Each structure stands twice: as structure tokens, then as C-alpha cells.
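Q:
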Amino acid sequence: MLRLAFAWTAWTLCAGLRPTSNRRPVSAARRAAVREFESLDHFEAAVESAAGDRLLVVDFSTSTCLPCQKFAPQLERVAEYYPECSFFAVVGDRSDVARRIARSCDVSEVPTFFLYKDGERRRRMTGGKLTSMDLIDAIEDLKYAT
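According to UniProt numbering, the sequence shown holds residues 1 to 146 in order.
#1: Between which two residues does the alpha helix (DSSP H) holding G97 run?
#2: Per DSSP, what kind of secondary structure is E84 in: helix, strand or coil?
#3: Just verifying my parser: in three-state terms, what is the DSSP assignment at D141?
#4: If you run the structure through DSSP and keep just helix, strand and coil, what is K129?
#5: So what does DSSP say about G61, is it helix, strand or coil?
#6: Suppose you measure from the CA of V78 to the CA of S132; what does that come to, to the nearest Å?
#7: Measure the C-alpha to C-alpha separation of D59 and A72 and round it to an integer number of angstroms.
#8: Sort R94, E44, A46 and G128 by Cα distance to K70 and report the nearest one.
#9: Tell me which same chain residues have a C-beta within less than 8 Å of the C-beta of A138, skipping the five on either side of it?
#10: Go ahead and pull the three-state DSSP assignment for L40.
#11: Near D134, what residues of its chain come up, given a Cβ to Cβ distance below 7 Å and the 5 sequence neighbours on each side ignored?
#12: Taking all protein chains shown into account, do 16 or more other C-beta atoms lie within 10 angstroms of the C-beta of L142, making it buried, or fewer, making it exposed?
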């Protein structure tokens with residue numbers, strides 16, 4: 001029954017509908033947003049702060065990548081649904097800081113998602129065929145992993 005409820009919630013999220021779960025509504029001020037790193041030190045501090053049940057999701061993309069552009073609205077919806085996670089986008093061709101972060105993480109193709117927990121990278125997801133359901137599954141798996 002729990003798996004069915006999760007599948008329904010994930011489907012409504014992917015379809016762009018408001019999820020109908022018994023989660024409390026999150027105020028606009030507390031709602032998670034996809035942000036960008038200000039510096040390499042900011043990135044390293046965010047990785048270190050991903051402790052306990054707090055996850056860090058980093059999206060590596062470029063502004064000319066069509067799959068990246070198509071996934072961006074879905075990433076926003078996932079970020080709204082998981083306010084307890086931190087979501088960041090690193091757009092490699094937008095700034096020198098983004099290029100340095102992508103280089104330090106050995107990102108060679110986009111889109112690439114890194115999921116961090118307890119200060120270390122736990123999952124790497126790459127490819128233009130990624131869906132928001134793949135990202136949701138990875139987040140759910142890592143949230144309850146020890």
C-alpha cells in the first residue's frame with residue numbers, strides 16, 4: 001500500500017499536479033529552491049553540511065543542453081516537494097565558478113546529478129534520458145539509507 005501511495009505521489013509530481021499527500025503545506029519562504037553556488041568554498045561547505053537525513057542534490061548542466069533545459073522545470077517541482085533537501089544547479093557555461101566546480105567533480109557529460117549525504121557523494125546519475133521519477137527514487141532511497 002505504501003508503494004502504491006508513493007507511486008501515485010510521484011506520478012502527480014511528474015505530471016505537474018499538486019501532490020495529494022498528508023504532508024503539511026510548506027510556506028513560500030521555507031520552500032526549497034534550486035540555487036547556484038557562489039564559490040568553490042560554498043560548494044565544499046554545502047557538501048559538508050549534507051549530514052543526517054539532509055541530502056544535497058547537485059545538477060550539472062549547460063545552457064545549450066536541450067535535455068538539461070527540459071529537465072529544469074521538473075527539478076524545480078522536485079525541489080518544492082522535498083524542502084528538507086538542498087538543491088543546487090551548476091550551469092557549466094554560465095560562470096567561471098561553475099566551470100571550476102564541474103572540473104573539480106570530474107563532470108564530463110550533462111546532465112549529471114550528484115546526490116550527497118553525510119559529506120560524501122552517494123549517487124551519480126548521468127544521461128539525457130533521466131526522468132524526475134529516477135531522481136525521486138534516488139532521493140527516497142538515500143533518505144532512508146543508513
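Glycine included, every Cβ here is placed at the ideal spot set by N, Cα and C. The structure displayed is predicted, hence computed values, not measured ones.
A: With the structure as the only source:
#1: Contrary to the premise, residue 97 reads as Val rather than Gly in this sequence. D96 to S104 is the extent of the alpha helix (DSSP H) around V97.
#2: coil
#3: helix
#4: coil
#5: Checking the sequence, you will find Ser at residue 61 rather than Gly. If DSSP states are grouped into helix, strand and coil, S61 belongs with the strands.
#6: 7 Å
#7: 9 Å
#8: G128
#9: F113, L115, R123 and M125
#10: helix
#11: M125
#12: buried
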